[in-house]
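So the protein sequences, as listed, match chains C and S.
Each residue of the first sequence is one higher than the one before, starting from 38 at the first, in our numbering.
Each residue of the second sequence is one higher than the one before, starting from 38 at the first, in our numbering.
All C-beta atoms, glycine included, are put in the ideal place defined by N, C-alpha and C.
Number of protein chains: 2
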Amino acid sequence: MQPSQPGVILKAAKGGPDASRLGAKSGDSMVQNKKDQKRSDKPVSLKILADYLGLCPATVSLVLNNVPGRSIPQETRERVRAAARKFNYQPSLLARSLRKQRTFTVGVLVPELSDGYHTMVMSGIGDHLMQEGYFYFSAHHRHKPDLVEEYPRLLMGRGAEGIIAIDTALEHELAVPVVAVAGHKKISGVTNVVLDHRHAAELALRHLHQLGHRHIAFMRGQPFSSDSDHRWRSIVAVARELNIEIRPELTIQLEKDLTSPELGYPVVQQLLQLKRRFTALISFNDIAAIGAIRALRDANLLVPDDVSVVGFDDIKAAAYHNPSLTTIRQPLHDMGQSAARILLQRIQGFKDYPKECAVPPELIIRESTAPVSGRSR
Amino acid sequence: MQPSQPGVILKAAKGGPDASRLGAKSGDSMVQNKKDQKRSDKPVSLKILADYLGLCPATVSLVLNNVPGRSIPQETRERVRAAARKFNYQPSLLARSLRKQRTFTVGVLVPELSDGYHTMVMSGIGDHLMQEGYFYFSAHHRHKPDLVEEYPRLLMGRGAEGIIAIDTALEHELAVPVVAVAGHKKISGVTNVVLDHRHAAELALRHLHQLGHRHIAFMRGQPFSSDSDHRWRSIVAVARELNIEIRPELTIQLEKDLTSPELGYPVVQQLLQLKRRFTALISFNDIAAIGAIRALRDANLLVPDDVSVVGFDDIKAAAYHNPSLTTIRQPLHDMGQSAARILLQRIQGFKDYPKECAVPPELIIRESTAPVSGRSR
DNA sequence: ACTCTCCAGACAATCGTTTGTCTAGTGCAT
DNA sequence: ATGCACTAGACAAACGATTGTCTGGAGAGT
Chain C
38 MQPSQPGVIL KAAKGGPDAS RLGAKSGDSM VQNKKDQKRS DKPVSLKILA DYLGLCPATV
98 SLVLNNVPGR SIPQETRERV RAAARKFNYQ PSLLARSLRK QRTFTVGVLV PELSDGYHTM
158 VMSGIGDHLM QEGYFYFSAH HRHKPDLVEE YPRLLMGRGA EGIIAIDTAL EHELAVPVVA
218 VAGHKKISGV TNVVLDHRHA AELALRHLHQ LGHRHIAFMR GQPFSSDSDH RWRSIVAVAR
278 ELNIEIRPEL TIQLEKDLTS PELGYPVVQQ LLQLKRRFTA LISFNDIAAI GAIRALRDAN
338 LLVPDDVSVV GFDDIKAAAY HNPSLTTIRQ PLHDMGQSAA RILLQRIQGF KDYPKECAVP
398 PELIIRESTA PVSGRSR
Chain S
38 MQPSQPGVIL KAAKGGPDAS RLGAKSGDSM VQNKKDQKRS DKPVSLKILA DYLGLCPATV
98 SLVLNNVPGR SIPQETRERV RAAARKFNYQ PSLLARSLRK QRTFTVGVLV PELSDGYHTM
158 VMSGIGDHLM QEGYFYFSAH HRHKPDLVEE YPRLLMGRGA EGIIAIDTAL EHELAVPVVA
218 VAGHKKISGV TNVVLDHRHA AELALRHLHQ LGHRHIAFMR GQPFSSDSDH RWRSIVAVAR
278 ELNIEIRPEL TIQLEKDLTS PELGYPVVQQ LLQLKRRFTA LISFNDIAAI GAIRALRDAN
338 LLVPDDVSVV GFDDIKAAAY HNPSLTTIRQ PLHDMGQSAA RILLQRIQGF KDYPKECAVP
398 PELIIRESTA PVSGRSR
């Protein structure tokens, strides 16, 4: 029964002169529609809608898209729009994308989904993209090189018009615009959004220096983390200027691919076993700093009384940890937004895009740093 | 040299009158392709590939998809595959989806992107979906009703074959399969993945009861949070069984839409101003618990010495907070994976899907709870 | 009555695939 | 030579939209 219904409608419609009858028939189809609203088999297409209206799909499309310069009487326009509402017509973005060669979709590459740093950037990206009417695929690769290589291709196959890569070691140019957050490699067609690491290093080191710290331990990031190298080089340069000594035996290196504080715990434990004196620690990031503080506490060292700790990033947990973390804030949400903004500009054909966009860090002083105390001096 | 090779083959293959010319041309186009690899204007389509090979697109498609039951000589097959590799052919998922009416794409609705709870669920979802070859759109709505209403439609317009809604107040049935994580409303076509809140309440209350706590403060979740109601009702029920009194003046209510510990801070401050005696607090979640602990500490109360605190969720920060949190773990990653698994089964036509999937909580005892001390007793 | 001009909308091509059907040619047995 | 069965691949029709071009008819002007 039901399947034949549209056929009837179609017949009447095609008849031409009996357009008025059609109005009556459409009453029936309303009943059918009631059912559709509850359990629609197929979404209504432009063709179905056109058949129902006794028009051709093209005309319906013109009306619904408000294409200018087409003469279509107001009455028809309203009839079309009413029908679209009634059938809850939703144009297939797939079909439209195929035709217009625009998908309003981008791909986001990210190492992990459940991590403080990455998700803060993601949220900036998401905010801007959604606001501009774009959707995005996210793909997480856990730093696996084959996935880093494969996913961009897949994303492009799905119509991504651009790609944002967060903390991802891209190897080569892609056929679409790319913006890399925390990317440092210079690749043609890739815009890097980075922190001003030089400034960041100054903020951290000056702060500790002013508090009287002279024996500072340093934690380097994992080799696969995009920022590790730059951050370290900046620290080395600034330390030299400030005449702060970087002692190899007080330099520890993160290795594990973790996004929990467990990351920083064991390396600090090892550092402590060396029994070298240090009054401050600059951590690679906040997550590791939290693990470091736990390791210090487990060794009966108080933060900041015995050891001051500076974190990096200012993730949400930083402010509420105990002790709360002094840290170098990266404006992660803003960086995500900027990345998205730049990408969309490039997608929209903006040619004079920047190769690099450096954002300023900020020193957030909280409880985990203090002047060198008598106890540790 | 090498680039012209396929041209030669083409000549032989085509057999047509002008095939040789064509072959020569295709040699040129290989050179052009070298450029394309660096800066491709358009990705190569099946048609381009077919023209190059002197075949029709259909045949190329048949080869690349290994369609069985088609007689195509091995030699041709290899020729096709070689060309595909050479041109780095990537089929347009868009076009394929349109034709096959399968997109291998789902939509994920989530309140926030940068939150511990949601992202842990997301990571489970992402793991399973990617593993199964699906991609997903994520859309965040910040609990705004109009977006909760609109996004599912947009996602379906983009071809989402199913939708996973995390902590999202869906109002009605959709035309595609839906799985709701932490959904409690019974909606036709929606599978709810929920924690066994009854069991969770037992674990939390028994634990505190066994530690000797009798004056327990309770924190209720925000009205818009899907779990709030169920969790509270379970607590009330279990408290009655255990003869634990729930005093209105010791019951606080979260209101703000935050995902930072700031969430729990002010409400606990207010509670403290009432100067009512309590020795334990059951928090709505870990994030709020961290804020609560901060508020207690700021009031010179020690956790767990003066007040024991039980969290909920076991987000990553829980284990590394100071003091580390005793909490009711939700297997968030697993819940995400289950949600994805169930959704894919339903998409693949599995009819006998469960209406609800309850997962067991786990009590994780850490530092934030302790027996009632002399000091607080 | 004739042409001219619009109007309202149809028609058809297209985007890049997939897939059912059709056919020219070949080889083989009769 | 005839018929038959295959082979290798072409052809065409979708999928659901967009968009440039075309046309039948109504109305206006002369």
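Inter-segment contact for the stretch 340 to 356 of chain C and the stretch 149 to 159 of chain C is present: three or more beta-carbon pairs are separated by less than 8 Å. CA-to-CA, the gap between residue 197 (chain C) and residue 141 (chain C) works out to about 8 Å. Looking only at S:207, S:180, S:235 and S:86, the smallest Cα-Cα distance to residue 296 (chain S) is reached by S:180. In the DSSP assignment, residue 347 (chain C) is bridged to C:319 and C:363. In summary, the residues of the stretch 356 to 382 of chain S whose CB is separated from some CB of chain C by less than 9 Å are 356, 357, 358, 359, 360, 361, 369 and 370, in the order they occur in the chain. The shortest CA-to-CA distance from residue 232 (chain S) to any of S:248, S:265, S:328 and S:194 is the one to S:265. Excluding its 5 nearest sequence neighbours in each direction, residue 93 (chain C) has C-beta neighbours in its own chain below 6 Å: 87, listed in chain order. Taking all protein chains shown into account, residue 385 (chain S) has fewer than 16 neighbouring C-beta atoms within 10 Å of its C-beta and is therefore exposed. Secondary structure note for residue 160 (chain S): its alpha helix (DSSP H) is the uninterrupted segment 153 to 168. In the displayed model, residue 232 (chain C) falls within a strand according to three-state DSSP. Residues of the stretch 183 to 209 of chain C with a C-beta less than 7 Å from any C-beta of chain S: 190, 193, 194, 195 and 196, listed in chain order. Chain-ordered, the chain S residues with CB closer than 8 Å to the CB of residue 156 (chain C) read 150, 151, 152 and 156. For residue 339 (chain S), no beta strand (DSSP E) segment is defined, and its DSSP state is neither H nor E. Pairing residue 409 (chain C) with residue 316 (chain C) gives a Cβ-Cβ distance under 8 Å. The secondary-structure analysis by DSSP pairs residue 173 (chain S) across a beta bridge with S:143. Only 296, 297, 298, 299 and 302 from the stretch 291 to 303 of chain S bring a Cβ to less than 9 Å from some Cβ of chain C. In this chain, the beta strand (DSSP E) harbouring residue 401 (chain S) covers 399 to 401. By the rule that beta-carbons nearer than 8 Å mark a contact, residue 386 (chain S) does not touch chain C. Here the C-alpha atom of residue 272 (chain S) lies approximately 35 Å from the C-alpha atom of residue 334 (chain C). Interface annotation, residue 111 (chain C): not in contact with chain S, CB-CB separation never under 8 Å. Within the stretch 84 to 118 of chain S, contact with chain C at the beta-carbon level (separation under 8 Å) is assigned to no residue.
For residue 257 (chain C), the uninterrupted beta strand (DSSP E) run begins and ends at 253 to 257, by DSSP. Collapsing the DSSP output to three states places residue 407 (chain S) in coil. The C-beta separation of residue 325 (chain S) from residue 279 (chain S) comes to about 23 Å, leaving the pair out of contact by the 8 Å criterion.
Interface criterion not met: the Cβ of residue 401 (chain S) is under 8 Å from no Cβ in chain C. Residue range 288 to 290 is occupied by the beta strand (DSSP E) that includes residue 290 (chain C). Along the stretch 95 to 152 of chain C, the beta strand (DSSP E) occurs as fully enclosed runs of 3 or more residues at 142 to 147, listed in sequence order. Proximity to residue 172 (chain C) across C:281, C:368, C:249 and C:199 peaks at C:199, based on C-alpha coordinates. In this structure residue 258 (chain S) is buried. Its beta-carbon is surrounded by 16 or more other beta-carbon atoms within 10 angstroms. From the beta-carbon of residue 348 (chain S), no residue of chain C is found nearer than 7 Å; the closest lies around 13 Å away. Secondary structure at residue 198 (chain S): coil, using DSSP grouped into helix, strand and coil. The C-beta separation of residue 210 (chain S) from residue 186 (chain S) comes to about 13 Å, leaving the pair out of contact by the 8 Å criterion.
Along the stretch 223 to 234 of chain C, there is no position whose C-beta sits under 7 Å from a C-beta of chain S. In terms of Cβ geometry, residue 400 (chain C) and residue 250 (chain C) do not form a close pair [threshold 8 Å]. Around the beta carbon of residue 229 (chain C), a 10 Å sphere encloses 16 or more other beta carbons of the protein chains shown; the residue is thus reported as buried.
Residues of the stretch 321 to 332 of chain S with a C-beta less than 9 Å from any C-beta of chain C: 324, 327, 328, 330 and 331, listed in chain order.
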